[in-house]
Amino acid sequence: MGPFRDTQLPETQIFAPKTEAAWAALQQQYANLLTVAEIDHLLACFVFGLTSPAFADQEADLHFNVCRTLMAIKLPPERVEAALHSVPAPTQPWVESARQIIESKGVQMGSALRRDAFNTENTTGVDANSNPKERLGNNEENVQ
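Numbered per my numbering, the sequence shown spans residues 5 to 148.
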C-alpha cells in the first residue's frame, strides 16, 4: 500500500499478523464511534507497544521505521505519518484510557512473541530470527 511495503524490513514479519488482526479489531470495535484519525492513532499505539519489547534497546529510528512499515500494511503513507506524529483530539471521553489499554495489550503480545522466539532458540539451538538457509547449513555437508 505505502512506499514502505516494498522495502519491508525482515524484523516486521513476526509482527505483521498481529498488526493486521489489531486493525480488523479496531475497525470492528470503533468504526462507528471514532474518527479515522483516532483509529489510525490507536493502531499506532498498538504497533508501538507490540514492537517495544523487541526494539526498546535499539536505535529509536529503527523502532520508528519498524512501526511505520507495519502500519503501512493497512494505511496509506499520509495516514501513517499523521498517526505517528500527532495525537488527534478525542471525540469521546474514554479514548485516552482506550489508548493506554491498547498500547498495553500490544506490549503484552510483543513480550509473548519475544518470549516464544527466545524459547524456540533455547529448545532447538536455532536463532528464531536467523535466515532459514543459515539454519539448514550446507546441503552438501548434510547429505554425507
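Backbone N, C-alpha and C define an ideal beta-carbon position, used for all residues, glycine too. For clarity, every value in this text was computed on a predicted model and none was experimentally measured.
| Query | Result |
| --- | --- |
| Enclosing alpha helix (DSSP H) for residue 33 [first to last residue] | 20-34 |
| Residue from 32, 29, 59 with nearest C-alpha to residue 118 | 59 |
| For residue 57, three-class secondary structure by DSSP | helix |
| The alpha helix (DSSP H) enclosing residue 86, as first and last residue numbers | 81-89 |
| Rounded C-alpha distance that separates residue 103 from residue 66 | 23 angstroms |
| Backbone CA spacing between residue 56 and residue 76 [nearest angstrom] | 18 angstroms |
| Inter-stretch contact at 8 angstroms, needing at least 3 Cβ pairs: the stretch 36-44 / the stretch 16-24 | no |
| Secondary structure of residue 16, DSSP reduced to three states | helix |
| DSSP three-state assignment for residue 78, whether helix, strand or coil | coil |
| Best match in 120, 100, 95, 68 for proximity to residue 40 [C-alpha to C-alpha] | 95 |
| Secondary structure of residue 100, DSSP reduced to three states | helix |
| Under 7 angstroms between C-beta atoms of residue 48 and residue 88 | yes |
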